[in-house]
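*Asks:* Residue numbers (the numbering used here): 15 to 460. Glycine is no exception: its CB is placed at the ideal position from the N, C-alpha and C atoms.
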Amino acid sequence: MQRFRSGQLPIVLAALSGQSVLVVSPTGSGKTLCFQLPAVLRRGVSIVVSPLKTLMSEQVSDLLKKKVPATFINSDLSLEEKQTRFSLLTQSAVKLLYIAPERFFVRNDDERDRLKRSAPAFLIVDEAHCIDQWGRDFRPEYGRLREVRERLGAPPVLAFTATAGREMQQRILVSLGIPDASVFVRDVDRPNIAFLRSTCPPDQRSKEIAELLRLPQIRGQKAMIFVPSVRVGEELQSALAGMEIEIPLYHSRLGTAWERQELVKRFVGQSKPTVEQIICTNAFGMGLDIPNVRLVIHWQQPASVEDLLQEFGRAGRDGKPSMSVIFRDGQRSSRDSNRLKFMAEKAVERSGLEQRDRAVMLAQRHRQIDQVANMLRSGSCFRRSITSYFEGDNALRRPTISERILEWVFSAAAKKVRVSACCDSCDAAEIRKRGKAGYVARTVAN
15 MQRFRSGQLP IVLAALSGQS VLVVSPTGSG KTLCFQLPAV LRRGVSIVVS
65 PLKTLMSEQV SDLLKKKVPA TFINSDLSLE EKQTRFSLLT QSAVKLLYIA
115 PERFFVRNDD ERDRLKRSAP AFLIVDEAHC IDQWGRDFRP EYGRLREVRE
165 RLGAPPVLAF TATAGREMQQ RILVSLGIPD ASVFVRDVDR PNIAFLRSTC
215 PPDQRSKEIA ELLRLPQIRG QKAMIFVPSV RVGEELQSAL AGMEIEIPLY
265 HSRLGTAWER QELVKRFVGQ SKPTVEQIIC TNAFGMGLDI PNVRLVIHWQ
315 QPASVEDLLQ EFGRAGRDGK PSMSVIFRDG QRSSRDSNRL KFMAEKAVER
365 SGLEQRDRAV MLAQRHRQID QVANMLRSGS CFRRSITSYF EGDNALRRPT
415 ISERILEWVF SAAAKKVRVS ACCDSCDAAE IRKRGKAGYV ARTVAN
């Protein structure tokens, strides 16, 4: 890569100036460079906190290919191998050290002391939404990163997540103890993705989904259908099979780990026979950058706007016209919302929190569900509602003159996307003329 992508340089400059930053930007948008480059340019080691072992090994392998000294330490390593890697850390022979947050709290005093003495240039937090105590993906060890940072000498924090609304952004900053950090929100608005909020009772959704999948413009293209539970997925799979549409269902309890991974590879195109269309729960494809998903269907509303962004954000990563179709049942007391609230109650009961904290968490989950429901009921532009949720009234802070000059010199110009469709509100006349399926077909064909 010869030039920065649009929006990367201001983040790198903020980090190099010693600021803490929080970056909200989807998978595939170049977040990794935004912390790896400052880490390489600053003296000393930078510690990267990540919950994903696979991602650790992949990024370390990629850095070593580029001759950047990096390593990871996790529970998969033998004691001897851990000692070797800690020795490299002690000798200042590593620029980036990847670890899980649990590593700071192991019983081994020697390991904890070595990390404490490392005096990192940056504490880099990947998957920063795991910090949010009231979020679905909260991890207790992430909630203790503020005390970890203090033990390490209070280095600047570079925190990254694919999705966090304004309220979650503030909770992350407070939890980390960096309330004055610079916040960068990038690529939330995906102009090549159009949105269709489709009012449809649950027992009719399989027929509408079948109609969409049979469109000539969709047949042979990649499509993802997100379902809220395995049971709903199995019922949809059976209903589609009855209409001679055979689609695999991916969920966390599917077969063995190898079988699940094989299905992912078939959808990505790394294994045969390839799969073009898939029914899946929200966990499918996390972290995967699949460029050519043309259609994302949400069987019902997701449990939060953050989840909604994660799901529809799988579409159109190649920049070509794509569509997100979100079903709702049209009732004020929505069966979809009630189902999600019931699932939230069960999850909160299993959380192990104190009664008071469970009540706060449940109220937060209910509010998130209601936020999505209200956005789906609204007659206003759906795209504007989403961007406002993440960015507020001002999409981004105004760059300084020097930042504009540096962007012009060192960054590639952002590609201008020709927008032919926006959402069911802005394109209501087009939908009345062509019908919902016709609107989808015309949008994806452009």
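1. For glutamate 260, which residues of its own chain have a beta-carbon under 8 Å away from its beta-carbon, when the five flanking residues on both sides are left out?
2. Going by C-alpha distance, which of Trp148, Ala133, Pro115 and Asn122 is nearest valine 139?
3. Cα separation between valine 339 and glycine 58?
4. Sorted by chain position, which residues of the same chain lie with C-beta nearer than 7 Å to threonine 85's C-beta, five sequence neighbours on each side aside?
5. What runs of the alpha helix (DSSP H), each 4 residues or longer, lie entirely inside the segment 326–400?
6. In the DSSP assignment, what are the bridge partners of phenylalanine 174?
7. Taking the alpha-carbon positions, what's the lysine 360 to serine 243 distance?
8. Cβ of proline 52 within 7 Å of Cβ of alanine 176?
9. Does the beta carbon of alanine 443 come closer than 7 Å to any beta carbon on chain B?
10. So threonine 98 is in the alpha helix (DSSP H); what residue range does that whole segment cover?
11. Cutting at 6 Å between CB atoms, please list the residues of its own chain near phenylalanine 404, excluding the five before and the five after it.
12. According to the neighbour-count rule (16 or more other Cβ atoms, all chains shown, within 10 Å of its Cβ), is glutamine 105 buried or exposed?
13. Runs of 3 residues minimum, wholly inside the segment 229–265: which ones carry the beta strand (DSSP E) assignment?
14. Can you check which of these residues, Thr401, Lys286, Arg126 and Asp217, is closest to isoleucine 87 by C-alpha distance?
15. Can the beta-carbon of isoleucine 292 be found less than 7 Å from the beta-carbon of tyrosine 264?
16. I'd like the span of the alpha helix (DSSP H) that includes serine 220, first residue to last.
17. List the whole-angstrom C-beta distance separating alanine 208 from leucine 190, where the pair is believed to meet the contact cut-off of C-beta under 8 Å.
18. Assuming glutamate 276 contacts serine 285 (C-beta within less than 8 Å), just tell me the rounded distance between them.
19. Is it the case that the segment 127–134 contacts the segment 152–170, given that we only count it when at least three CB pairs across the two stretches are under 8 Å?
20. DSSP beta-bridge partners for leucine 110?
21. Quick one: Cα of threonine 457 to Cα of valine 171, how far?
22. For valine 26 and cysteine 48, I'd like the C-alpha separation in whole angstroms.
23. Residue range of the beta strand (DSSP E) that arginine 117 falls in?
*Replies:* Here's the rundown:
1. Mapped onto the sequence shown, residue 260 falls at position 246. Taking glutamate 260 as the centre and dropping the five residues before and after it, the same chain places the C-beta of Leu254 closer than 8 Å to its C-beta, in chain order.
2. As a working note, residue 139 is residue 125 in the sequence shown. Of the candidates Trp148, Ala133, Pro115 and Asn122, the one whose C-alpha sits nearest the C-alpha of valine 139 is Pro115.
3. By 1-based counting over the sequence shown, the position of residue 339 is 325. By 1-based counting over the sequence shown, the position of residue 58 is 44. For valine 339 and glycine 58, the distance between alpha carbons rounds to 48 Å.
4. Counting from 1 along the sequence shown, the entry for residue 85 is found at position 71. Contacts found: Val74, Arg99, Leu102, Val108 and Leu111.
5. Runs of the alpha helix (DSSP H) spanning 4 or more residues and lying entirely within the segment 326–400 occur at 349–363 and 369–391, in chain order.
6. Mapped onto the sequence shown, residue 174 falls at position 160. Paired residue(s): Val37.
7. As a position in the sequence shown, residue 360 is number 346, starting the count at 1. As a position in the sequence shown, residue 243 is number 229, starting the count at 1. Taking the straight line joining both Cα atoms gives about 13 Å.
8. As a position in the sequence shown, residue 52 is number 38, starting the count at 1. As a position in the sequence shown, residue 176 is number 162, starting the count at 1. Between proline 52 and alanine 176, the C-beta spacing is not below 7 Å.
9. As a matter of chain content, chain B is missing from the structure shown, which is built from one protein chain.
10. If you number the sequence shown from 1, residue 98 lands on position 84. Note, threonine 98: alpha helix (DSSP H), 93–104.
11. The residue labelled residue 404 in the question sits at position 390 within the sequence shown. Only Gly179, Val199 and Val202 meet the Cβ criterion.
12. Locating residue 105 in the sequence shown gives position 91, counting from the first residue. With fewer than 16 Cβ atoms within 10 Å of its Cβ, glutamine 105 is classed as exposed.
13. List check, beta strand (DSSP E) in window: 236–240.
14. Locating residue 87 in the sequence shown gives position 73, where the first residue counts as 1. Of Thr401, Lys286, Arg126 and Asp217, the residue nearest in Cα terms is Arg126.
15. Start at 1 with the first residue of the sequence shown, and residue 292 comes out as number 278. Start at 1 with the first residue of the sequence shown, and residue 264 comes out as number 250. The answer is yes: Cβ separation under 7 Å.
16. Position 206 of the sequence shown, counted from the start, is the residue given in the question as residue 220. Following the DSSP letters along the chain, one finds serine 220 inside the alpha helix (DSSP H) bounded by residues 219–227.
17. Residue 208 sits at position 194 when you count from the first residue of the sequence shown. Residue 190 sits at position 176 when you count from the first residue of the sequence shown. About 36 Å separates the two Cβ atoms, so there is no contact after all.
18. Residue 276 sits at position 262 when you count from the first residue of the sequence shown. Residue 285 sits at position 271 when you count from the first residue of the sequence shown. Yes, glutamate 276 and serine 285 are in contact; Cβ-Cβ is about 6 Å, under 8 Å.
19. With the cut-off at 8 Å, the segment 152–170 and the segment 127–134 touch.
20. Position 96 of the sequence shown holds residue 110. In DSSP, leucine 110 forms a bridge with Ser60 and Ala84.
21. Walking along the sequence shown from the start, residue 457 turns up at place 443. Walking along the sequence shown from the start, residue 171 turns up at place 157. If I take the Cα positions, the gap works out to 41 Å.
22. Reading the sequence shown from its first residue, position 12 is the one you call residue 26. Reading the sequence shown from its first residue, position 34 is the one you call residue 48. Straight-line spacing of the CA atoms in valine 26 and cysteine 48 works out to 5 Å.
23. The sequence position of residue 117 within the sequence shown is 103, counting from 1. Arginine 117 -> no beta strand (DSSP E), and no H or E assigned at all.
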